[in-house]
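**Student:** According to numbering that gives the first Met the number 0, the sequence shown holds residues 0 to 84 in order.
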Amino acid sequence: MAERTSKRTSRFVEGLAEIIVELLGPDEQPEHYRLLGFFGPGRMEFTLLVGFKKTTDSDYGPACRSALTRKEGVLRDGRRAPPCE
């Protein structure tokens with residue numbers, strides 16, 4: 000069972016969006032994953048920047064810092080995030 004939702008802006012960092020993925024693990028316990036990205040750089044595009052397994056509420060710090068650094072790189076040079084076909 001998977002539940003997927005997205006938020007236009009992460010509640011933690013302005014300018015990032017969050018995709019929440021919840022799956023049942025091998026022991027039938029829920030596992031929580033987060034995918035961070037942003038809408039852009041082009042119209043109708045979403046760029047995935049970083050994903051991680053969430054185990055505590057404080058897990059966001061390193062992932063958000065990494066996502067923001069990657070976002071800056073993509074906005075400077077779009078070749079850093081080639082489109083998936």
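Where is the CB? At the ideal position from N, CA and C, for every residue including glycine.
Quick one, which of E84, G41 and E30 has its alpha-carbon nearest K52's?
**Tutor:** The option with the nearest alpha carbon to K52 is E30.
**Student:** Exposed or buried, what is T46 when buried is set at 16 or more other beta-carbons lying within 10 Å of its beta-carbon?
**Tutor:** Burial call: buried.
**Student:** By the 10 Å Cβ neighbour count, where 16 or more other Cβ atoms means buried, how is C83 classified, buried or exposed?
**Tutor:** Result: exposed.
**Student:** Would you give the residue range spanned by the alpha helix (DSSP H) that R69 belongs to?
**Tutor:** Looking at the DSSP string, the run of the alpha helix (DSSP H) that includes R69 is Y59 to R75.
**Student:** Distance, Cα to Cα, R33 vs A62?
**Tutor:** When rounded, the distance between both Cα atoms is 9 Å.
**Student:** How long is the line joining the alpha carbons of L67 and L48, rounded to whole angstroms?
**Tutor:** Taking the straight line joining both Cα atoms gives about 8 Å.
**Student:** Where do the ends of the beta strand (DSSP E) carrying V12 lie?
**Tutor:** Element bounds for V12: n/a, residue is neither H nor E.
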